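Written out below as structure tokens is the structure these notes cover.
Protein chains in written order, with our numbering: chain H, 2 to 111; chain E, 17 to 128.
Here it is as structure tokens:
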């Protein structure tokens with residue numbers, strides 16, 4: 002009964018491929034996020050999404066797109082993967098001012 | 017957006033009290049201050065949150081001065097298992113979703 006889950010845990014792929022990372026939360030929260038954590042451990046928000054509004058960090062390339070089939074899911078699609086996309090991607094959901102993070106997806110682009 | 021600054025790393029010994037300070041000079045009126053702990057290969061985990069003065073829970077205390085331009089996370093009597101990266105987050109997600117700012121994290125190493 003994990004609160005926020007992500008799949009896959011690891012993802013190794015070639016440059017130019019398109020991939021997706023799935024996220025599910027069973028907390029009933031209205032807002033979900035995607036974060037990118039680079040090799041220096043810096044956490045950067047990519048998207049904030051609820052059933053009404055998508056907030057995009059202006060530094061995120063449009064190759065990245067969130068898709069939410071329902072309130073409990075926020076998937077991340079990445080087109081034309083680049084070497085610099087290699088990082089750990091975290092999904093999170095929010096209640097009030099507290100965020101609950103998933104275990105992360107480690108993406109390696111070769 | 018409130019920019020946050022934390023020390024890159026800190027060392028401590030078991031049983032000591034550790035204080036980690038985060039600077040957020042341009043914090044907005046409605047912004048909250050939240051601290052997260054991250055162990056290797058895991059997602060960040062909520063530790064404590066405050067708006068002003070002092071907050072204490074079973075894990076830590078959070079001290080926020082009157083001007084709110086900084087905050088200090090206090091971990092009493094740390095153990096080896098407290099070795100982790102600690103992040104402060106400043107923002108008001110309820111009103112400005114997606115605009116909160118994480119600090120760059122403080123790597124705390126607790127030695128025996």
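Every residue gets a Cβ at the ideal spot worked out from N, C-alpha and C, and that includes glycine. Everything numeric in this text was worked out from a predicted model, so none of it was measured.
Requested in this report: Buried or exposed for residue 24 of chain E, please, with buried defined as at least 16 other CB atoms from any protein chain shown within 10 angstroms of its CB.
Outcome: exposed
Report task. Ignoring anything shorter than 3 residues or poking outside the stretch 46 to 101 of chain H, list the beta strand (DSSP E) runs there in chain order. Result -> 55 to 57, 65 to 71, 74 to 79, 88 to 96
Query raised in the report: residue 22 of chain H CB to nearest chain E CB: under 8 Å?
Result: no
Requested in this report: Report buried or exposed for residue 15 of chain H, applying the criterion of at least 16 other Cβ atoms within 10 angstroms of its Cβ.
Outcome: exposed
Query raised in the report: Does DSSP put residue 96 of chain E in a helix, a strand or coil?
Result: helix
**Report entry** Chain-order list of residues whose beta-carbon lies under 7 Å from that of residue 106 of chain E (same chain, five-residue window excluded)
**Finding:** 18, 20, 40, 43, 47, 49, 116, 117
Requested in this report: For residue 95 of chain E, I'd like the list of residues in its chain whose CB is within less than 6 Å of its CB, leaving aside the five on either flank, ordered along the chain.
Outcome: 30
Query raised in the report: By the criterion of Cβ-Cβ separation under 9 Å, what are the contact partners of residue 101 of chain E in chain H?
Result: 42
Report task. Check the Cβ of residue 62 of chain E against every Cβ in chain H and list those closer than 9 Å, keeping chain order. Result -> 99, 100, 101, 102
Query raised in the report: What does residue 113 of chain E reach in chain H if we use C-beta pairs closer than 9 Å?
Result: 32, 34, 49, 50, 51, 54, 56, 95
Requested in this report: Report yes if the CB atom of residue 86 of chain H is closer than 8 Å to the CB atom of residue 111 of chain H, and no otherwise.
Outcome: no
Report task. Could you tell me whether any Cβ in chain H is nearer than 8 Å to the Cβ of residue 109 of chain E? Result -> yes
Query raised in the report: Using a Cβ-Cβ cut-off of 6 Å (strictly less than) and excluding sequence neighbours within five positions of residue 148 of chain E, which residues of its own chain qualify?
Result: Residue 148 of chain E cannot be examined here, being either before or after the span of chain E that is shown, 17 to 128.
Requested in this report: List the endpoints of the continuous beta strand (DSSP E) containing residue 62 of chain E.
Outcome: 61 to 66
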